[in-house]
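Residue numbers (my numbering): 49 to 321.
The structure appears below as structure tokens.
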């Protein structure tokens, strides 16, 4: 059902007052079911799709956040990449708490996949940023790769992918965009630009990534199960993720992390959006 005009036609077809022969009851019932299942929208008021849902205004907040498909991203005009429907690593079986570094052709492939996926978001609205973006993070946790690209005016693109998924099921989840306030960080600051829970292959995972000050050399997160998750820290960015939904999609959430500085001192900080 594509228009109110068609709905009106169907309704008239069920109105015995406008028909000379007796109405067809079977047809009327079928048409009624079609109308009720169509969920028509008024012209100029289209529903946002999963891929292109805009951030809703958040008054009295320094940054804006939104949730699409169960995943939160804090940025202005950030759009989520559609996730793969299934993958080869069932239930994150190969995932590791400590990341490995991508290199060689494996790294090149992960970066190329992230660039290709990100180019299609928002009808190419970030193409010029992606053309000059640099690779800040390229890590792997078992079969999974995470790439973080950065650029001018605080531009960020993140992609996490199951490399064992078949080519027709392969996809990425993450975010693309610019923060609402590209502020200069202090030397010991940690600021999340992506924080929350996503879902891939019907399995939830918790993700955190963002920017760090020049004195930050390491970040760890203690999971609810007591496992120490090590973040990748590189070129002014950090990223980590783990299976499960313990990092919720809430802008009021404070996620504790242990931060190590260049003088080897440590401190507990809290991530939030």
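Don't be surprised by glycine CBs; every beta carbon is placed ideally from N, CA and C.
When you compare only the Cα positions, how much space is there between residue i and residue j?
i	j	result
residue 146	residue 278	5 Å
residue 283	residue 176	21 Å
residue 314	residue 206	27 Å
residue 262	residue 150	23 Å
residue 189	residue 318	24 Å
residue 221	residue 183	17 Å
residue 168	residue 223	12 Å
residue 307	residue 196	20 Å
residue 2	residue 251	In this structure the chain extends from 49 to 321, so residue 2 is not present and cannot be described.
residue 179	residue 290	30 Å
residue 170	residue 275	37 Å
residue 305	residue 153	33 Å
residue 203	residue 143	28 Å
Should residue i and residue j be called a contact, given that it needs their Cβ atoms to be closer than 8 Å?
i	j	result
residue 245	residue 300	no
residue 257	residue 231	no
residue 303	residue 267	no
residue 259	residue 233	yes
residue 140	residue 243	no
residue 208	residue 191	no
residue 264	residue 281	yes
residue 273	residue 194	no
residue 240	residue 320	yes
residue 213	residue 136	yes
Can you find a heavy atom of the ligand SAH that lies under 7 Å from the Cβ of residue i?
i	result
residue 159	Although the ligand SAH was asked about, the structure shown includes no ligands whatsoever.
According to DSSP, simplified to helix, strand and coil, what is residue i?
i	result
residue 155	helix
residue 259	strand
residue 221	strand
residue 180	coil
residue 136	coil
residue 16	Missing from the structure shown is residue 16; the chain here goes from 49 to 321 and no further.
residue 49	Because residue 49 sits at a pLDDT of 46, beneath the cut-off of 50, its placement in the model cannot be relied upon, and the following sentence gives the value as read from the coordinates. Reduced to three states, the DSSP call for residue 49 is coil.
residue 202	helix
residue 170	helix
residue 175	helix
residue 188	strand
residue 301	coil
residue 282	strand
residue 147	coil
residue 315	strand
residue 235	coil
residue 252	strand
residue 291	strand
Just tell me which of the options has its CA closest to the CA of residue i.
i	options	result
residue 172	143, 225, 185, 184	225
residue 39	152, 167, 311	In the structure displayed, the chain extends from 49 to 321; residue 39 sits before or after that span and is not available.
residue 157	170, 187, 174	187
residue 295	271, 316, 276	271
residue 162	181, 144, 291	181
residue 297	178, 153, 255	255
residue 185	174, 155, 164, 202	155
residue 138	174, 203, 164, 249	249
residue 269	164, 316, 309	316
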